[in-house]
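Inspection log for the structure reproduced underneath, given as structure tokens.
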Amino acid sequence: MTKIKRPIIWKLILGIGIPLLIIYGTILFLNFKWNTASAIEQMKDYLVELTGHNAATLNTDFSKIAQYPIGISKMLEVMSEPNEQKLYSLLSEIVKGNTSINSMSVAYEPYAYNRKKRFAPYVYREEGDILTTDLSKDQNYCSADWYSIPMLLKEPYWSEPYYSQAADNTLLVTFSVPMFKNNKFIGIASANICLENLRKTMKSIEIMGGYTFMISQYGTYIYHPNERDIMRETIFSKAVKYDIEAMRTYGREMIKGEFGIGQFNDPITGIKQWLVYSPVVSNSWSLAVIIPEKAILKIVYSRILRQMGVMVLGYLVIMLSVIWAAFNITTPIRNLMKKTERLATGDLDVQMVKIRGNDEIHALAEVFNKMVRDLRHYINDLTNATKARESVDSELRIARHIQESLIPRIFPPFPNRTEFSLFARNIPAKEVAGDFYDFFFLDENNLALIIADVSGKGVSASLFMAVTKTLIKAKSNYVDSPETIMSQVNYDLCQDNDAAMFCTTFMAVLNVKTGGFKYCNAGHNNPYLIRGDGEIIQFENTEGMALGVMDDCKYTSKKIKLKKNDLVYLYTDGVNEAMDIDGNEFSYEKMVEFMKEMKTTTPRQTIEITMNAVEVFTKDAEQSDDITIMALRYLI
Amino acid sequence: MTKKIFILIIIFVFCTIFAEENQELQSITFGLHWFPQAQFAGYIMAYEQGFYEAVGIDMNLEFFDGSSSLTNLREGKVDFCTAWLSQTIAVKSEGEKIVNLCQILQKSSLILVAKKNTGIEKPEDMNGKRISLWSGDFSIQPNAFFNKFNINYEEVPQSYNIQAFLADAWDVASAMYYNEYYKIILAGINEEELNTFFFSDYNLNIPEDGIYCTEDMIAENPELCQKFSEATLQGWEYAFAHRDSTLKIVMKYCDEHQMQTNLAAQSWMLHVIEESMKYNTGENSSSWGILTKSDYERVAEILQEQGLIKNIPPYLDFYGGKQK
Chain X
14 MTKIKRPIIW KLILGIGIPL LIIYGTILFL NFKWNTASAI EQMKDYLVEL TGHNAATLNT
74 DFSKIAQYPI GISKMLEVMS EPNEQKLYSL LSEIVKGNTS INSMSVAYEP YAYNRKKRFA
134 PYVYREEGDI LTTDLSKDQN YCSADWYSIP MLLKEPYWSE PYYSQAADNT LLVTFSVPMF
194 KNNKFIGIAS ANICLENLRK TMKSIEIMGG YTFMISQYGT YIYHPNERDI MRETIFSKAV
254 KYDIEAMRTY GREMIKGEFG IGQFNDPITG IKQWLVYSPV VSNSWSLAVI IPEKAILKIV
314 YSRILRQMGV MVLGYLVIML SVIWAAFNIT TPIRNLMKKT ERLATGDLDV QMVKIRGNDE
374 IHALAEVFNK MVRDLRHYIN DLTNATKARE SVDSELRIAR HIQESLIPRI FPPFPNRTEF
434 SLFARNIPAK EVAGDFYDFF FLDENNLALI IADVSGKGVS ASLFMAVTKT LIKAKSNYVD
494 SPETIMSQVN YDLCQDNDAA MFCTTFMAVL NVKTGGFKYC NAGHNNPYLI RGDGEIIQFE
554 NTEGMALGVM DDCKYTSKKI KLKKNDLVYL YTDGVNEAMD IDGNEFSYEK MVEFMKEMKT
614 TTPRQTIEIT MNAVEVFTKD AEQSDDITIM ALRYLI
Chain B
92 MTKKIFILII IFVFCTIFAE ENQELQSITF GLHWFPQAQF AGYIMAYEQG FYEAVGIDMN
152 LEFFDGSSSL TNLREGKVDF CTAWLSQTIA VKSEGEKIVN LCQILQKSSL ILVAKKNTGI
212 EKPEDMNGKR ISLWSGDFSI QPNAFFNKFN INYEEVPQSY NIQAFLADAW DVASAMYYNE
272 YYKIILAGIN EEELNTFFFS DYNLNIPEDG IYCTEDMIAE NPELCQKFSE ATLQGWEYAF
332 AHRDSTLKIV MKYCDEHQMQ TNLAAQSWML HVIEESMKYN TGENSSSWGI LTKSDYERVA
392 EILQEQGLIK NIPPYLDFYG GKQK
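If you're matching them up, the sequences are chains X and B in order. Using the numbering used here, read the first sequence as starting at 14 and increasing by one per residue. Using the numbering used here, read the second sequence as starting at 92 and increasing by one per residue.
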């Protein structure tokens, strides 16, 4: 079985699989690239929105609470001397109504409330109760930041957040509003706001993989998932700690109240981080989100992974289909190949190929089946034909034997006769020849010589030849002149010659004692006479056509006299018309040339010279016509 | 035979070491005039690295609020303490029997700082400005400075934080270069946005932290005092050479005392303290800790000028440490 080096299945797998792989790869790559960029953009938008929204919410909360000290300051600025109790109860109501407010105070500048005393009503929440006290009794608040800074600035002030020991170490921020009466500073109205709610709000913002934080107007962490950093680190101290220059820049933008997006590399992991920040406008704080780009990409990765899964599945399905299709194509082809190989070894019993479907392969199989069928018929026919031919061949062989037996084959034919020597040869082109020669004594001294060429070849020619030969011999028993014999034989052959066959015949009668040579030529090539002295003479033509053409054809004869050592050279056109492979004829000229060598040769040698010359000339070319030569040397 | 000798030698060596170990350590209490921070890194590292123990001192480090440092020494609560030079000269001139063993910080870290946008570029620009001052010793140099440049200003009291400065409530603030100044930086204000006034640039340098003991102590235990000073300087040398591990330990101390600080701030502080220690003394630790007569006299004169002391105690009565 022939081994297939590059099967179709591989061609299909490579031809489809690799381009498909490249296409899928490209799609995935581009998808990844585009998706990454868009995911980052989306995430940025989302984070800007998220921080902005939460910052705005917190801002609203702070602004709302800020309204209480502002309102109180406005009120006290216009009241001459507010009632102490009413002030306490007002503050109490506010603290009670706002869980975010831990305490409130109205801290008058010493003796600004009234000339006799210091007054600083303070209302605070303690274990759920609302309590009141007068700050001026036991502390000098005038140098405290919450008091002095707004006083000096002459404008409301949000303090830095601080842990209040008085309020269970919770983180508070104080909003202080300075009060002026007649352009003279009279004190501070302030609210201490608990940042617990802020902590809860910040904690509730969930950022996948990232975290939120909030810094004060001076960069201090007010909220950070790492609680240790709260009030201990500033965004700037972190920038120093982790040596991130960019963080300081972003921090400065943040405390300026800017919105923004920044990026920096994590100092430890080296992973790119995104920072998105939005200001809480009322107190100049800033809310920010830090998210590693990896977390954003994770979304992309999972999307790509899903896509990849589908693609791999699709790829497998396609490749399996390709393999299936390939098998569908190649299996019948292989089957066909096997059968063809068996067929090639001559096994005509190859089973028909059965293929379903209606495609080219099916058609090929049908054609193959038809071919096998036809081949079988053909071989059958061929076998029968061969058998028939074999029987014909054997009959032909028999015919040849008969023909051979018709032509004298024994040389020298008349060993007792010393007057002449004779040799003849007939080489048929096909199994049965149309040429023949004959010689026989008509009486004691007269020797008849005949050479003839029947038109056509094969069995019919040989039969015609046999008839002609027999007729000539039969007529010779009664008549001894060649023209009479020719005339009579011609007449007989012409009767019922439906096949329109004819026979060129040269007949001569030699008187061996006298050398008289009488001949009649019925349409045959004129023989040659090679004299003992080397002279080459072609016999002159006599009247008469080839035998069997016209029944009333007239034949005449001519006479010459042979001298001692003269050679009569009789031949058929198979000699002069012998063809080489290019179609060139041997020609009379060549014949005559060789005849020069025949001055003293025996008849046998004469014929051998001719045969050799013809053989050399024709080389490998197939013999086209019967070759018949007869030579007689007259010896007395 | 050799084996026996070898064993005997080992036993002997072991006993020697054991005896050394067991040698009675002298128990000492050392009072530092503020809570733990990198300002005291050298003492902490000398303690942590066992340099005190190596010289036979069983050290007990205590951290106090600044004002109580000398009181504790006087009351015998501590054997050694750190204090500012201006403060100690003042009490010495009033008859307090204390001696300076080692002048750790050579350069004053007290500065005045203003934001550039206030337009204060030179001392004269402070005229009419609102300046925050700490009280006590922290006001000696500013007062001398204002006198020198004849500056009239609005004084506001300064607390421990600089938020009023950040909020632009003050024009000029007092600041320790190793502490408050850097807090300003860590609040997002860049160095180039600030103008600083170092008193040392105006011949008003008052070296700050020094180590003190009583006159009795140095008279009775001169060797101990010397060993203590040497071990302390060794601690500083170690601290500067091993910044990261030092800061780690300092941060641990800070946490234990609930100091709300961070690594960046402490790192800066250590850096400034190092500069101060090496101011005029150089890199070589052998020349650290010396109180020069010129420094002493300049400070005494500043104090006298401000009427904070009447007479100047003799230099050698005041300083008992090594000389150049």
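We treat Cβ as the ideally placed atom computed from N, Cα and C, and that holds for glycine.
Closer than 9 Å at the beta carbon, the chain B residues around residue i
| i | result |
| --- | --- |
| Leu184 of chain X | Under the 9 Å cutoff, chain B gives no residues; its nearest Cβ is about 12 Å from Leu184 of chain X. |
| Lys254 of chain X | Asn353, Leu354, Ala355, Ser358 |
| Leu166 of chain X | Ala255, Ala258, Asp259, Ala260 |
Cross-chain neighbours of residue i in chain X, by beta carbon under 9 Å
| i | result |
| --- | --- |
| Ile340 of chain B | The premise fails here: Ile340 of chain B is roughly 17 Å from chain X at the closest Cβ pair, so nothing lies under 9 Å. |
Amino acids of chain B, ordered along the chain, whose beta-carbon sits closer than 7 Å to that of residue i
| i | result |
| --- | --- |
| Tyr170 of chain X | Ala258 |
| Glu173 of chain X | Gln254 |
Residue i vs residue j beta-carbon contact at 8 Å
| i | j | result |
| --- | --- | --- |
| Val390 of chain B | Ile202 of chain B | no |
| Ile297 of chain B | Leu176 of chain B | yes |
| Phe650 of chain X | Ile464 of chain X | This structure leaves residue 650 of chain X out entirely; chain X is present only between 14 and 649. |
| Leu484 of chain X | Leu506 of chain X | yes |
| Met260 of chain X | Phe277 of chain X | yes |
| Tyr272 of chain B | Ala278 of chain B | no |
| Pro134 of chain X | Leu104 of chain X | yes |
| Ile268 of chain X | Ser297 of chain X | yes |
| Val522 of chain X | Pro495 of chain X | yes |
| Leu583 of chain X | Ile622 of chain X | no |
| Ala180 of chain X | Ile114 of chain X | no |
| Tyr303 of chain B | Phe171 of chain B | yes |
| Leu306 of chain B | Ile189 of chain B | Note that residue 306 of chain B is Glu in the sequence shown, not Leu. Their beta carbons are under 8 Å apart, which means Glu306 of chain B touches Ile189 of chain B by this criterion. |
| Phe453 of chain X | Lys486 of chain X | yes |
Reduced DSSP secondary structure (H/G/I, E/B, other) of residue i
| i | result |
| --- | --- |
| Val294 of chain X | helix |
| Glu89 of chain B | Coverage of chain B is limited to positions 92 through 415, which leaves residue 89 of chain B absent and any answer about it impossible. |
| Gly557 of chain X | coil |
| Pro191 of chain X | strand |
| Phe109 of chain B | Since pLDDT at Phe109 of chain B reaches only 48, below the 50 mark, its modelled position is unreliable, and no value is offered. |
| Asn459 of chain X | strand |
| Glu122 of chain X | coil |
| Lys609 of chain X | helix |
| Met92 of chain B | Caution applies to Met92 of chain B, whose pLDDT of 48 falls short of 50 and renders its modelled position unreliable; the model cannot decide the point. |
| Gly122 of chain B | strand |
| Thr569 of chain X | coil |
| Ala651 of chain X | This structure gives no information on residue 651 of chain X, because the portion of chain X shown stretches from 14 to 649. |
| Gly327 of chain X | helix |
| Phe552 of chain X | coil |
| Thr527 of chain X | coil |
| Leu645 of chain X | strand |
| Glu94 of chain X | coil |
| Val629 of chain X | helix |
| Trp337 of chain X | helix |
| Val263 of chain B | strand |
| Met136 of chain B | helix |
Proximal chain B residues relative to residue i, where beta-carbon distance stays under 8 Å
| i | result |
| --- | --- |
| Glu240 of chain X | In chain order: nothing, as chain B lies at least about 13 Å away. |
Chain X residues whose Cβ lies nearer than 7 Å to that of residue i
| i | result |
| --- | --- |
| Ala174 of chain B | Per Cβ cutoff of 7 Å: no residues; Ala174 of chain B is ~25 Å from chain X at best. |
Where residue i meets chain X, residues with beta-carbon distance less than 8 Å
| i | result |
| --- | --- |
| Ile276 of chain B | Phe249 |
request  = Name, going along the chain, the residues of the region 202-233 of chain X whose beta-carbon falls closer than 7 Å to a beta-carbon of chain B.
outcome  = Tyr231, Gly232
key: Residues of the region 245-273 of chain X with Cβ closer than 7 Å to any Cβ of chain B, in chain order   = Arg245, Glu246, Thr247, Phe249, Ser250, Val253, Lys254, Gly264, Arg265, Ile268
query = In chain order, what residues of the region 147-161 of chain X put their CB closer than 7 Å to some CB of chain B?
reply = Per Cβ criterion, the list reads Ser156, Asp158, Ser161.
message = Along the region 279-308 of chain B, where does the CB come closer than 7 Å to a CB of chain X? Name the residues.
response = Gly279
task = Taking a Cβ distance cut-off of 8 Å, strictly less, list which residues of the region 220-249 of chain B are near chain X, in chain order.
result = Arg221, Val247, Pro248
key: Every unbroken beta strand (DSSP E) within the region 247-284 of chain X, with a cutoff of 3 residues, ordered by chain   = The qualifying runs are 273-278.
task = Let me know the alpha helix (DSSP H) ranges lying completely inside the region 159-220 of chain B, each 4 residues or longer, listed in chain order.
result = Complete alpha helix (DSSP H) runs here, min 4: 160-165, 176-184.
Complete runs of the alpha helix (DSSP H) confined to the region 312-377 of chain B [at least 4 residues] = Counting only runs of 4 or more, we get 313-332, 334-347, 354-368.
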